[in-house]
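*Asks:*
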Amino acid sequence: MKQSRGKHARAVAVAAAKGDVGVPVPKAPSGIDGLDEVTAGGLPRGRPSLVIGGPGCGKTMLAAEFIIQGATRYGEPGVFMMFEETADELAANVRSLGFDLDRLVHDGKVAVDYVRVERSEIEETGQYDLEGLFIRLAHAVDSVGAKRVALDTLEALFSGLSDHAVLRAELRRLFRWLKDRDLTAVITAERGAEMLTRYGLEEYVADCVILLDHRVVDQISTRRLRVVKYRGSPHGTNEYPFLIGAKGLLVLPITSLRLDHEAPLERLATGIDELDAMLGGKGFFRISAVLVSGAPGTGKSSIVARIAEAACQRGERVLFFSYEESPNQLVRNMRSIGIDLERWRKKDQLRVLASRPTLQGLEQHLVVMYDAVREFRPAVVIVDPISNLTMHGDDAGLKPMLMRLIDFLKQSEVTAIYTDLVGDSDATTAHSQLGVSSLMDTWLMLSNVASEGERTRALQIVKSRGMPHSNLVREFVFSARGFELVDVFLDEGRPLTGRRRLGAQAAANAARRGRGGEVAARRKA
Amino acid sequence: MKERTADPAAKAARATPAEWQLRLYVAGATAKSVAALANLRRLCEEHLPGRYDIEVIDLLVNPKLAAGDQILAVPTLVRKFPEPIRKIIGDLSNEERVLVGLDIKQVAR
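Quick note, the sequences are listed as chains A and B, same order.
Residues in the first sequence are numbered consecutively from 1, following the working numbering.
Residues in the second sequence are numbered consecutively from 526, following the working numbering.
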């Protein structure tokens, strides 16, 4: 995380230097993954922000995480004033995200105050104001030296008090009071039918408005977040899926606002010498995305397993997402071509995470990947196959989600290798079923070549950005000894593979011996 | 900070707790607070002579106490006893409603 924050700070600095962000509004990082990228640094510091959503959208969680992250990561104590849940309920809820609110309260970093508003208990007669609320808030703020405040949700006041004229005047005063005290505040509000919020709170809080939404499409529920408004700051305007994961909220931006991941010159050897030779002699670029596409049985998994093994042999960590084979199956199958994955699994250099693609929605898969990558910090991530993640058909959200995955892995400074299962028919056309090939830096295409009673495998490099690469189709042979990429033997312009190649080669060798190495010289060139 | 009323009847009753225990939360000596206390005293004298005890809590002096009785608005009058607890917010200018709110009417008449 530190790394990505640093990167982000750089991005902002660069943006500021370029002058495409006027005078940036000072920001308070929310600490919520993704949200700070969408908002280019966090919520407006010293100002109230409005978080709007229907029931169950995650408003309270967002507000709570904002306070907790502030207290734990940014040294900004906070006050959480709630009108609907009790302090115990809130503590229990955030505990499910791995936050220990009680501890923070005990340590004097967070103050919580539950304000109960029950209409049936309150009789109104004559004039009043909400000074009591101000006093409570001020007391809580002073008790921990708070820099952040969350009010969840103020609208309970509207149902608790009948004099809305007084209430509105007091709310206006409250927001002014928060600003005067330089408090960065999150105010949650219910989504309204006609207005943005049910009671028109957006009228008072106009600096930053974030809308949360929860919808179910094809039985898979997705939460989405949109920054409706952010005064004085650029922000992502799209809807971004977000999740309430095991470690808090996670907003999934397509990418940060700009493409700014690292592009080192360093290479990652594939472990197959001939393939490295085809890739400018050194292999893939590190922190790049590699697509290995092919029809069934062309050896996609074998190639990526070899790449994984080679990385482990260099002492790097590899994370292998397997959506077709169980870890044990993978180990067994790869052993048959001389790749011992078990050894690296035992050393915890290789982790295989296998699951059924249909187990959960794509977004949930992404979260699992996010968490695993952040925890394990691998150098190489393998997704085998990426095409299986897309079983949900022609979901319009599919490509953006894959983009998120690809971008996330690049941001994590990982070399990612995706296999893609394609039908044999279109294996030779330069198109990937997923439409993600444009996001890939290197694309290896495997295909079956069948003729005269024998099926052989061919490998070619469709593209490899930024490096010279071979345009030749190679025959790809694997046996218990491992891999071999063999030059396809050209017989009067027709590529020969398999036994026919061997036969033709033998004939050519015989001829060459006769003709004094002329053919060999030509082949070398 | 607890400020007992100087009411002699209330003082006399202090040996045994008064039948009516009322607590008025205010925030400084604002017009509303002053009005509320005056209204309350007048009303108690009229309807509950010698049977009440008023405690005034100034939240500006003692902000901690606001959370205990869930005070939001000021002034707020809390009937601590007899139970159940009741709350009346405002300057108590509408006597009728205060009496209803405190459930005094039947008792007194």
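All residues carry an ideal CB built from backbone N, CA and C; glycine is no exception.
Which runs of the alpha helix (DSSP H), 4 residues or longer, sit entirely within the stretch 136–205 of chain A?
*Replies:* The qualifying runs are 156–160 and 164–180.
*Asks:* Less than 7 angstroms between the C-beta atoms of Lys612 of chain B and Gln546 of chain B, yes or no?
*Replies:* In this structure, Gln546 of chain B does not lie closer than 7 angstroms to Lys612 of chain B by Cβ.
*Asks:* CB-CB under 6 angstroms to Glu190 of chain A, same chain, minus the five flanking residues each way: which ones, in chain order?
*Replies:* Same-chain partners within the cutoff: Glu155 and Arg198.
*Asks:* Quick check on Leu183 of chain A - is its C-beta less than 7 angstroms from some C-beta in chain B?
*Replies:* Taking Cβ atoms only, chain B never reaches closer than 7 angstroms to Leu183 of chain A, which makes this a no.
*Asks:* For Tyr128 of chain A, decide whether its Cβ has a neighbour in chain B, counting only Cβ atoms nearer than 7 angstroms.
*Replies:* Chain B, which has a Cβ nearer than 7 angstroms to the Cβ of Tyr128 of chain A, makes this yes.
*Asks:* Consult DSSP for His214 of chain A and reduce its assignment to one of helix, strand or coil.
*Replies:* Strand.
*Asks:* Are the stretch 118–134 of chain A and the stretch 40–56 of chain A touching, with three or more C-beta to C-beta distances below 8 angstroms?
*Replies:* The answer is no - the stretch 40–56 of chain A does not touch the stretch 118–134 of chain A, with fewer than three Cβ pairs under 8 angstroms.
*Asks:* Leaving out five residues before and five after Ile629 of chain B in sequence, what residues of the same chain have Cβ atoms less than 6 angstroms from its Cβ?
*Replies:* If we look at Ile629 of chain B and ignore the five residues flanking it on each side, its Cβ neighbours are His572.
*Asks:* Across the stretch 96–103 of chain A and the stretch 61–72 of chain A, are there enough close Cβ pairs to call them in contact, namely three or more that are closer than 8 angstroms?
*Replies:* With a cut-off of 8 angstroms, the stretch 61–72 of chain A and the stretch 96–103 of chain A count as touching, because enough Cβ pairs lie within range.
*Asks:* What is the DSSP secondary structure of Phe134 of chain A, counted as helix, strand or coil?
*Replies:* Residue state, collapsed to three classes: helix.
*Asks:* If the cut is a Cβ gap below 8 angstroms, which residues of chain B does Gly132 of chain A touch?
*Replies:* Near Gly132 of chain A (Cβ distances below 8 angstroms), the residues of chain B are Tyr550, Ala552, Leu584, Ala591, Ile596, Leu597, Ala598, Val599 and Thr601.
*Asks:* Hey, which unbroken runs of the alpha helix (DSSP H) at 4 residues or more fall wholly within the stretch 223–297 of chain A?
*Replies:* Entirely contained in the stretch 223–297 of chain A, the alpha helix (DSSP H) runs reaching 4 residues are, in chain order, 273–278.
*Asks:* Is it a yes or a no for the stretch 266–276 of chain A touching the stretch 289–307 of chain A, going by three-plus beta-carbon pairs under 8 angstroms?
*Replies:* Cβ pair count under 8 angstroms is three or more, so yes.
*Asks:* Could you give the DSSP three-state label for Glu124 of chain A: helix, strand or coil?
*Replies:* Correct three-state label for Glu124 of chain A: strand.
*Asks:* Can you give me the C-alpha to C-alpha distance between Gly283 of chain A and Gln329 of chain A, rounded to a whole angstrom?
*Replies:* Approximately 28 angstroms between the Cα atoms of the pair.
*Asks:* Do we get a CB-CB distance below 7 angstroms when we pair Ser256 of chain A with the residues of chain B?
*Replies:* Because the pLDDT of Ser256 of chain A is 48, which lies under 50, any placement of that residue in the model is unreliable, and the question is left without a value.
*Asks:* With 7 angstroms as the limit, tell me which residues of the stretch 560–574 of chain B have their beta carbon closer than that to any beta carbon of chain A; keep them in chain order.
*Replies:* Of all residues in the stretch 560–574 of chain B, none has a Cβ within less than 7 angstroms of some Cβ in chain A.
*Asks:* Are the beta-carbon atoms belonging to Gly132 of chain A and Leu585 of chain B less than 7 angstroms from one another?
*Replies:* Contact: no.
*Asks:* Any C-beta of chain B within less than 9 angstroms: which residues of the stretch 91–125 of chain A qualify?
*Replies:* Of all residues in the stretch 91–125 of chain A, Asp113, Tyr114, Val115, Arg116, Val117, Glu118, Glu121, Ile122, Glu123, Glu124 and Thr125 have a Cβ within less than 9 angstroms of some Cβ in chain B.
*Asks:* Measure how close the beta-carbons of Ser380 of chain A and Ala289 of chain A come, nearest whole angstrom, since I'm counting them as under 8 angstroms.
*Replies:* Looking at the sequence itself, residue 380 of chain A is Val, so the reference to Ser does not match. Contact flag wrong, Cβ pair sits at about 12 angstroms.
*Asks:* Looking at the C-beta of His139 of chain A, does it have a partner C-beta in chain B at a distance below 7 angstroms?
*Replies:* Output row for His139 of chain A: interface = yes.
*Asks:* Check whether the Cβ of Arg173 of chain A lies closer than 7 angstroms to any Cβ atom in chain B.
*Replies:* With 7 angstroms as the cut-off, Arg173 of chain A does not count as an interface residue toward chain B.
*Asks:* Considering only C-alpha positions, which residue in the set A:Val449, A:Met440 and A:Gly236 is nearest to Pro296 of chain A?
*Replies:* The shortest Cα separation from Pro296 of chain A among A:Val449, A:Met440 and A:Gly236 belongs to A:Val449.
*Asks:* Return the bridge partner residues of Ser322 of chain A from the DSSP annotation.
*Replies:* In DSSP, Ser322 of chain A forms a bridge with A:Ala354 and A:Asp384.
*Asks:* For Leu617 of chain B, return the contacting residues in chain A, with the cut-off set at a CB-CB distance below 8 angstroms.
*Replies:* The answer, in chain order, is Thr125 and Gly126.
*Asks:* By the DSSP assignment, the beta strand (DSSP E) with Ser447 of chain A in it spans what residues?
*Replies:* Counting along the chain, the beta strand (DSSP E) containing Ser447 of chain A begins and ends at Thr442 to Ser451.
*Asks:* Ile386 of chain A versus chain B: which residues are under 7 angstroms apart at the beta carbon?
*Replies:* What Ile386 of chain A touches in chain B: nothing, since even the nearest Cβ is about 54 angstroms away.
*Asks:* Less than 7 angstroms between the C-beta atoms of Val186 of chain A and Ala150 of chain A, yes or no?
*Replies:* Their beta carbons are under 7 angstroms apart, which means Val186 of chain A touches Ala150 of chain A by this criterion.
*Asks:* Please tell me whether Thr188 of chain A and Asp152 of chain A are closer than 7 angstroms, where the distance is taken between their beta carbons.
*Replies:* Contact flag set, yes.
*Asks:* In chain order, what residues of the same chain lie with their CB nearer than 6 angstroms to the CB of Gly148 of chain A, ignoring the 5 residues before and after it?
*Replies:* The residue asked about is misnamed: residue 148 of chain A is Arg in this sequence, not Gly. Excluding positions up to five away in sequence, the list reads Ile67, Gly70, Glu76, Gly78 and Thr184.
*Asks:* Would you say Ala372 of chain A and Ser322 of chain A are within 7 angstroms of each other, going by their C-beta atoms?
*Replies:* Going by C-beta atoms, Ala372 of chain A is not nearer than 7 angstroms to Ser322 of chain A.
*Asks:* How far does the beta strand (DSSP E) with Gln546 of chain B in it reach, from first residue to last?
*Replies:* Start and end: Trp545 to Val551.
*Asks:* For a minimum of 4 consecutive residues, which ranges assigned as the alpha helix (DSSP H) are wholly contained in the stretch 556–587 of chain B?
*Replies:* Listed in chain order, they are 556–572.
*Asks:* Taking the C-alpha atoms as reference points, what is the distance between Tyr370 of chain A and Ser143 of chain A?
*Replies:* Rounded to whole angstroms, Tyr370 of chain A to Ser143 of chain A spans 37 angstroms at the Cα level.
*Asks:* Which residues of chain A have a Cβ atom closer than 9 angstroms to the Cβ of Lys605 of chain B, listed in chain order?
*Replies:* Within 9 angstroms Cβ-Cβ: nothing; Lys605 of chain B doesn't reach chain A, min ~13 angstroms.
*Asks:* Output the distance between the C-alpha atoms of Arg548 of chain B and Leu627 of chain B, rounded to the nearest integer angstrom.
*Replies:* Cα-Cα distance, rounded: 12 angstroms.
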